[in-house]
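Chains V and P are the protein sequences, given in the same order. Yeah, the first sequence ends on 143 if you go by this note's numbering, and it's all consecutive. Yeah, the second sequence ends on 286 if you go by this note's numbering, and it's all consecutive. Glycine included, every Cβ here is placed at the ideal spot set by N, Cα and C. One structure is given here, and the rest of the page talks about it.
There are 2 protein chains.
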Amino acid sequence: MRIGDLSARTGMSVRALRYYEEQELLPSDRSASGQRHYDDTAVDRVRLLQIFYRAGLSSTSIRLLLPSVEAGTAAPEAIEHLLDQREALESRLRELEAAASRLDEVITAATDPLQRCRHPPTAPLEQHSTGSTTTARDRRPSP
Amino acid sequence: MRIGDLSARTGMSVRALRYYEEQELLPSDRSASGQRHYDDTAVDRVRLLQIFYRAGLSSTSIRLLLPSVEAGTAAPEAIEHLLDQREALESRLRELEAAASRLDEVITAATDPLQRCRHPPTAPLEQHSTGSTTTARDRRPSP
DNA sequence: TTTGCCTCTCACGTCGACGTGAGCTTTTAC
DNA sequence: GTAAAAGCTCACGTCGACGTGAGAGGCAAA
C-alpha cells in the first residue's frame, strides 16, 4: 500500500507518517520513482507508535523502546530505559489522578442537589486519598 | 511575601509565576514601586495550578475551572466545562494505561529469568485487558 | 552612599509533533 | 492523451509554557 492508504487505515496524516519515517520509527520500501510502499504490518506499527505518542513519550524514547517491543526481549541497557519510561508513566498517571480527584470534588459539590453540609468550600491541598479515582463520574444530566 | 519567596516556597521559577499572573491565574498586590506581593494563600494557589498543569490542562481551561474550584460550586455552563475536562482526563488516563500495559508486557518478557513458553514475541495490538495496570512494576534489580 | 541582591518590563528563543503551502513528478481514471 | 489525484522534497509556521538575557530601577545593610 502507498502512504495515502496507510493514512486512511490509521487515521494519521500523510505528514505524520513521513515524520515517523524521518524519526526512524516507520521504515518504508521505495519504488523506482521514490514512492513509499508499506506492507500490512505498518498499520500495527503506526498504532503502536500512537499508543506511545499519546502517552507523552518522545520520538527518541520510542526509538529506544521499539526494538525491545518488537523483539519481545531486551538487552540490559534497554531494560534500564524500559524501566525508566515505565516509572515516568506511573508518575504521570498519579498526576492525572490527582487532578481528576480535585475535579471530582468540585463536580460532586456542584452537582449534589442536596448541597449537604457546610464543608469548608475548598480544603486547600487535601491529602489525596490513595484509593481509586472513580468518584464523580457520569453525572452529566441525560438530555 | 515577594515573588522570590513565593518561588522558593513553591519550587516554581519566578518567570513561571509572572506567566501565571499574565494568564490571570495568580493575582498579586503591587507595591507603590510595582513589585508583586502575595499572601500565604498564593502558595496553595500555585500548587493547585501545578496539579492542573501537570495533568496537561491548558491555561485557558484552568482559568475556566478556577472559579468553581475556589467557590466549591459552579454555574451550569461551568459544570459543562468541568465534565468535559473530567472526561478528557479520563481518556488520557486510559491512553497512559494502554502504554503502560504495553511496556509491562515487554518488561515481563525481558526480565523473566525463565523465559516461559514461546508466545508469539509481539502479539500485535492485543486487546488490552481492562483490568488494573499493576503488572510488571518494581522489577529493577537492587544494585 | 555604595554594594549587592531582588525585582521590573519588554521581547526574542526553545522544543516537539506535526500543519501548510510551493513547486514538481508519478500514477490513475476517463 | 490528458487531466485529476496522489506523491515527492524542501522549508517555514504553529502553539504553549515557560527560559533567557537586556537594561533599568528598588531596597536593606554597612
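For the pair residue 173 of chain P and residue 146 of chain P, the CB atoms are not nearer than the 7 Å cut-off. Contact annotation: residue 164 of chain P and residue 156 of chain P have beta-carbon atoms that are not nearer than 7 Å. In the three-state reduction of the DSSP assignment, residue 172 of chain P falls in the strand class. Contact fails between the stretch 206-216 of chain P and the stretch 63-72 of chain V, because fewer than three Cβ pairs, one in each stretch, are under 8 Å apart. Close to chain P, meaning a Cβ-Cβ distance shorter than 8 Å, are the following residues of the stretch 50-64 of chain V: 51, 52, 54, 55, 56 and 57. Taking C-beta separations shorter than 6 Å and ignoring five residues to either side along the sequence, the partners of residue 81 of chain V in its chain run 64, following chain order. Taking the Cα of residue 185 of chain P as reference, the smallest distance to any Cα among P/176, P/144, P/158 and P/177 is reached at P/144. Residue 239 of chain P is positioned such that its CB atom lies closer than 7 Å to that of residue 92 of chain V. Between the alpha carbons of residue 237 of chain P and residue 77 of chain V lies a distance of about 28 Å. With a threshold of 16 other beta carbon atoms within 10 Å, residue 101 of chain V meets it and is buried. Around the Cβ of residue 105 of chain V, a 10 Å sphere holds 16 or more other Cβ atoms; the residue is buried. Chain P places no beta carbon closer than 7 Å to that of residue 11 of chain V, leaving this residue out of the contacts. Between residue 95 of chain V and chain P, the shortest Cβ-Cβ separation is below 7 Å. Straight across, the Cα-Cα distance linking residue 167 of chain P with residue 150 of chain P is about 17 Å. Here residue 175 of chain P is exposed. Its C-beta has fewer than 16 other C-beta atoms within 10 Å.
Separation of residue 198 of chain P and residue 233 of chain P (C-alpha to C-alpha, rounded to the nearest whole angstrom) is 11 Å. Using a CB distance cut-off of 7 Å, residue 68 of chain V counts as an interface residue toward chain P.
At a C-beta separation below 9 Å, residue 241 of chain P has these neighbours in chain V: 51, 54 and 55.
Annotation: residue 9 of chain V to residue 59 of chain V spans about 22 Å, alpha carbon to alpha carbon. The contact set of residue 217 of chain P on chain V, defined by CB atoms closer than 9 Å, consists of 106, 107, 109, 110 and 111 in chain order. Interface criterion not met: the Cβ of residue 6 of chain V is under 7 Å from no Cβ in chain P. Neighbours of residue 15 of chain V in chain P, taken as residues at a C-beta separation under 9 Å, are lacking, since the least C-beta distance is about 21 Å. Secondary structure of residue 179 of chain P (DSSP, three-state): strand. Inter-residue distance for residue 181 of chain P and residue 98 of chain V is about 25 Å (C-alpha atoms, whole angstroms). What residue 179 of chain P touches in chain V, judged by beta-carbon distance under 9 Å, is nothing: the nearest beta carbon there is about 21 Å away. Neighbours of residue 89 of chain V in chain P, taken as residues at a C-beta separation under 8 Å, are given in chain order as 239, 242, 243 and 246.
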